[in-house]
Amino acid sequence: MPTLMTTFPKSTVKEAELLPEIATRKSLRAYSTQPLTNGAIKSLFEAARWAPSSSNEQPWVYVYATAEQPELHKKIASTLVEANAVWAKRAPLLIVAMVRTAFIRNGKPNVSAKYDLGAANAFLTLQATQLGLNVHQMGGFEKEKAIALLNIPETHEPVVVMAIGYPDSPEILPDNLKERELALRERYTQEAFVLNDVFPE
Ligand SMILES: Cc1cc2nc3c(=O)[nH]c(=O)nc-3n(C[C@H](O)[C@H](O)[C@H](O)COP(=O)(O)O)c2cc1C
20 MPTLMTTFPK STVKEAELLP EIATRKSLRA YSTQPLTNGA IKSLFEAARW APSSSNEQPW
80 VYVYATAEQP ELHKKIASTL VEANAVWAKR APLLIVAMVR TAFIRNGKPN VSAKYDLGAA
140 NAFLTLQATQ LGLNVHQMGG FEKEKAIALL NIPETHEPVV VMAIGYPDSP EILPDNLKER
200 ELALRERYTQ EAFVLNDVFP E
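Each residue of the sequence shown is one higher than the last, beginning at 20 in my numbering.
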């Protein structure tokens, strides 16, 4: 088993049975403008709510805006780098996902905060997939701009912006993104990252 990731091949094949939400989820870019119901939005955050976290601290915090709140929606969209903004601003739901960086009970730094946010975002994403929604997470945004525009306190750190909505036809995308939208997802095979032994010398 090689120990460096650089030389591994990737594959589109599923090596075992999967929950349908895991098997079919994809970070798409073509969004329908169809709005989400309040119930659907609530259900996404409820999924995040029940994620595990270190000491049950639940360090995740979300600021969201729907397209029906154009001022706030535009503020969030304006934090995205251009390569993301070009497609993500059409998504009817934009979320800034952030963490409280310290534990509530003692003020000490929570080194697991981002790990826990990732778990909550994964739960949210799978719930969204089950509802027929697409979630696309983006690290490509200006943190400082988000902090300023959303008045994010020093105790919090924005980590990703998420674009969420029902999928639309790839035809609405610029040519360079159309191809990526239709491409099959691929991954390193399990051989590349699963060990049932100590690392080789
Ligand atoms: C933390 C994080 C940051 C990401 N940032 C971006 C981004 O800025 N722009 C983008 O188009 N995709 C972004 N993605 C999406 C990844 O590129 C995508 O998840 C990956 O290529 C695998 O594709 P899949 O989600 O369709 O399986 C990000 C995903 C994560 C989890």
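Note that beta-carbon positions come from the ideal geometry of N, C-alpha and C, so glycine has one too.
Terminal residues of the continuous beta strand (DSSP E) containing residue i?
| i | result |
| --- | --- |
| Gln9 | What the structure shows of the chain is the stretch from 20 to 220, and residue 9 is not part of that stretch, so it cannot be assessed. |
| Val80 | Trp79 to Thr85 |
Could you tell me the boundaries of the alpha helix (DSSP H) in which residue i lies?
| i | result |
| --- | --- |
| Arg204 | Careful: Arg204 lies outside any alpha helix (DSSP H) and carries neither H nor E. |
| Thr43 | Pro39 to Thr43 |
| Ala70 | Ala70 -> no alpha helix (DSSP H), and no H or E assigned at all. |
To the nearest angstrom, report how far apart residue i and residue j are at their CA atoms.
| i | j | result |
| --- | --- | --- |
| Arg273 | Ile95 | No statement about residue 273 is possible, as the shown extent of the chain runs from 20 to 220 and does not include it. |
| Phe160 | Ile171 | 15 Å |
| Trp69 | Glu205 | 29 Å |
| Leu224 | Lys162 | The requested residue 224 is not part of the displayed model; the chain covers only 20 to 220. |
| Thr43 | Thr148 | 8 Å |
| Leu196 | Tyr50 | 13 Å |
| Ala4 | Leu201 | Beyond the ends of the chain as shown, which are 20 and 220, falls residue 4; an answer cannot be given. |
| Ile41 | Pro186 | 17 Å |
| Ser30 | Leu203 | 10 Å |
| Thr56 | Val213 | 40 Å |
| Glu176 | Asn153 | 24 Å |
| Trp106 | Thr52 | 12 Å |
| Ala167 | Ile60 | 25 Å |
| Ser131 | Phe218 | 25 Å |
| Met58 | Ala116 | A small fix is needed here, since residue 58 is Gly in this sequence, not Met. Their Cα atoms are separated by approximately 19 Å. |
| Gly184 | Val32 | 27 Å |
| Phe141 | Phe64 | For clarity, residue 141 is Ala in the given sequence; the question names Phe instead. So the two alpha carbons sit approximately 11 Å from each other. |
| Asp216 | Thr26 | 20 Å |
| Pro194 | Pro39 | It should be pointed out that residue 194 corresponds to Asp in this sequence rather than to Pro. One C-alpha to the other measures close to 29 Å. |
With DSSP as the reference, please indicate the residues paired to residue i in a beta bridge.
| i | result |
| --- | --- |
| Pro186 | Tyr50 |
| Lys29 | Tyr207 |
Taking residue i as the reference, which of the options has the closest Cα?
| i | options | result |
| --- | --- | --- |
| Leu192 | Leu152, Arg48, Ala67 and Tyr207 | Arg48 |
| Pro54 | Gln88, Tyr81, Glu190 and Arg119 | Gln88 |
| Arg199 | Leu38, Lys45, Asn129 and Glu34 | Lys45 |
| Phe122 | Ser74, Val80 and Ser97 | Ser74 |
| Leu136 | Pro219, Arg124 and Arg119 | Arg119 |
| Ala35 | Ala102, Ile60, Phe27 and Gln209 | Gln209 |
| Ala66 | Ala138, Gly151 and Val217 | Ala138 |
| Val80 | Pro189, Glu190, Val179 and Ala202 | Val179 |
| Gln146 | Gly58, Leu37, Pro128 and Ser62 | Ser62 |
| Ala104 | Ser131, Thr174, Gln156 and Phe27 | Gln156 |
| Pro78 | Ile60, Asn129 and Ile166 | Asn129 |
| Ala84 | Met117, Pro39, Ala182 and Val100 | Ala182 |
| Thr98 | Lys164, Lys127 and Leu38 | Lys164 |
| His92 | Leu169, Ala141 and Glu76 | Leu169 |
| Pro28 | Glu220, Asn215 and Tyr207 | Tyr207 |
| Glu173 | Gly126, Lys33, Glu190 and Glu90 | Gly126 |
| Glu2 | Glu90, Lys133 and Leu37 | Given a span of 20 to 220 for the chain in the structure shown, any question on residue 2 remains unanswerable. |
| Glu90 | Val100, Arg124 and Pro111 | Pro111 |
Taking CB distances under 8 Å as the criterion, tell me whether residue i reaches chain D.
| i | result |
| --- | --- |
| Glu101 | Structure shown: chain D not included; a single protein chain is present. |
For the stretch 95 to 183, which segments carrying the beta strand (DSSP E) assignment without a break, of at least 3 residues, lie completely within its bounds, in sequence order?
112 to 119 and 153 to 157, all fully within the stretch 95 to 183.
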